[in-house]
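J.: In this text, residue positions in the sequence shown follow the working numbering: the first is 87, and each later residue adds one.
Structure incoming, see below.
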Amino acid sequence: IQRNLHELATSIALIEQWNRVNLALTARLLDFMYGPTFPELKISEEDAQLIPSGMTNDCIAQSWFRFLHCLGNPASLCRPAVISQTQKFLQFAITSENVVDPCQPPLS
87 IQRNLHELAT SIALIEQWNR VNLALTARLL DFMYGPTFPE LKISEEDAQL
137 IPSGMTNDCI AQSWFRFLHC LGNPASLCRP AVISQTQKFL QFAITSENVV
187 DPCQPPLS
């Protein structure tokens with residue numbers, strides 16, 4: 087499942103929804119971890135409603151961490167060796183003449 091979700095990470099709609107939920111969870115997490123003196127993470131009312139109001143702080147923290155990692159390790163997006171092995175990248179590499187191995191240094 088993890089590998090399939092990682093490959094779906096290239097779906098724009100999926101990433102947009104994942105981002106909305108992560109921001110809503112992060113806003114709630116910051117609120118209970120740091121209190122009202124911490125600057126508010128402003129999100130739309132529609133996005134705030136993605137998280138049930140009765141959700142416990144423990145559940146928010148667990149959900150935030152798990153949801154953040156459900157598409158794989160977010161830091162992997164900065165690792166060319168990982169990204170270049172995804173199916174979408176490989177399909178693009180096969181069909182495009184302009185693809186360069188992302189592990190190679192950029193040409194000057």
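C-beta atoms are modelled at their ideal positions from N, C-alpha and C, and glycine is treated no differently.
Which residues mark the beginning and the end of the alpha helix (DSSP H) in which Met119 is found?
T.: Start and end: 98-120.
J.: Within 8 Å, do at least three Cβ pairs link the segment 102-113 to the segment 122-138?
T.: Yes, since at least three Cβ pairs between the segment 122-138 and the segment 102-113 fall closer than 8 Å, the two stretches touch.
J.: According to the Cβ coordinates, are Arg106 and Asp133 closer than 7 Å?
T.: Closer than 7 Å, so yes.
J.: Please state whether DSSP places Cys156 in a helix, a strand or coil.
T.: It is coil, neither helix nor strand.
J.: Given this structure, state the Cα-to-Cα distance separating Glu183 from Leu176, to the nearest angstrom.
T.: Their Cα atoms are separated by approximately 12 Å.
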